[in-house]
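Protein chains in written order, with our numbering: chain S, 4 to 112; chain D, 2 to 115. We put the beta carbon where it would ideally sit given N, CA and C, even for glycine. Beneath this line is the structure, given in structure tokens, with notes to follow.
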Amino acid sequence: DAKTTQPPSMDCAEGRAANLPCNHSTISGNEYVYWYRQIHSQGPQYIIHGLKNNETNEMASLIITEDRKSSTLILPHATLRDTAVYYCIVRTSYDKVIFGPGTSLSVIP
Amino acid sequence: DTGVSQDPRHKITKRGQNVTFRCDPISEHNRLYWYRQTLGQGPEFLTYFQNEAQLEKSRLLSDRFSAERPKGSFSTLEIQRTEQGDSAMYLCASSLPGELSPLHFGNGTRLTVT
Chain S
4 DAKTTQPPSM
14 DCAEGRAANL
24 PCNHSTISGN
34 EYVYWYRQIH
44 SQGPQYIIHG
54 LKNNETNEMA
64 SLIITEDRKS
74 STLILPHATL
84 RDTAVYYCIV
94 RTSYDKVIFG
104 PGTSLSVIP
Chain D
2 DTGVSQDPRH
12 KITKRGQNVT
22 FRCDPISEHN
32 RLYWYRQTLG
42 QGPEFLTYFQ
52 NEAQLEKSRL
62 LSDRFSAERP
72 KGSFSTLEIQ
82 RTEQGDSAMY
92 LCASSLPGEL
102 SPLHFGNGTR
112 LTVT
């Protein structure tokens with residue numbers, strides 16, 4: 004079963020930052036937080052992952068709370084092409100990836 | 002990097018027929034995964050390979066399902082005696098063997114059983 008909780012849907016205005024929350028209150032010390040997204044009719048796409056430090060790449064930023072029980076994925080300037088389902092996943096380095104239902108993000112013009 | 006390739010993209014079959022899907026992973030990736038996704042749900046894990054060895058199978062993978070990766074390169078997923086409940090998107094992913102390697106997904110094969 005998925006070890007995370009996400010809101011089922013969110014809206015964001017185009018050009019604004021999209022902040023997608025994820026709760027993982029039972030995360031253990033060797034588990035990483037991964038984010039994937041899935042645009043309609045495509046396979047999931049890896050975005051970013053982290054253990055306890057905040058991470059940033061060309062797609063997004065990942066903010067993990069100090070107690071590691073929650074995290075936020077930030078898309079700094081959302082575009083219409085960011086409309087997708089976003090999956091937050093907790094796993095160890097050796098686990099298979101287990102997806103929950105994710106958050107459906109709609110970027111509105 | 003040509004990405005993960007899946008064939009066919011769409012398959013319509015009648016109940017009771019057998020179907021086979023193919024997945025070509027990224028060339029240097031030695032792990033290969035199969036997932037199934039139904040409308041409105043996240044992908045569900047089915048099975049995965051490291052090279053040619055099938056290391057784990059989900060209990061979702063009934064005895065009508067079989068997956069192979071004979072030479073550690075491409076993989077096939079066969080469903081025998083298809084049922085309407087098998088209608089779904091079948092996704093393949095591959096990854097490097099490293100601890101933190103992310104999965105790279107293909108765009109899936111959509112199966113419709115009539």
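Problem - Contacts of I101 (chain S) in chain D (Cβ-Cβ under 7 Å) - result: F46
Practice task
Indicate whether at least one CB of chain D lies closer than 8 Å to the CB of Y89 (chain S).
Solution key: no
Exercise for the section: Would you check if the distance between the CB atom of A87 (chain S) and the CB atom of I42 (chain S) is smaller than 8 Å? Expected result: yes
Practice task
Apply the 10 Å Cβ neighbour rule to S96 (chain D) and answer buried if 16 or more other Cβ atoms are within range, or exposed otherwise.
Solution key: buried
Handout entry: Any C-beta of chain D under 8 Å from that of H27 (chain S)
Key = no
Handout entry: Backbone CA spacing between K55 (chain S) and E61 (chain S) [nearest angstrom]
Key = 19 Å
Handout entry: Inter-residue spacing [alpha-carbon to alpha-carbon] between E79 (chain D) and C91 (chain S)
Key = 30 Å
Exercise for the section: Flag G46 (chain S) as yes if its beta-carbon sits less than 8 Å from any beta-carbon of chain D, otherwise no. Expected result: yes
Handout entry: Uninterrupted beta strand (DSSP E) stretches inside the region 76-101 of chain D (no shorter than 3 residues)
Key = 76-80, 89-96
Problem - Short Cβ contact (8 Å threshold) for S107 (chain S) with S12 (chain S) - result: yes
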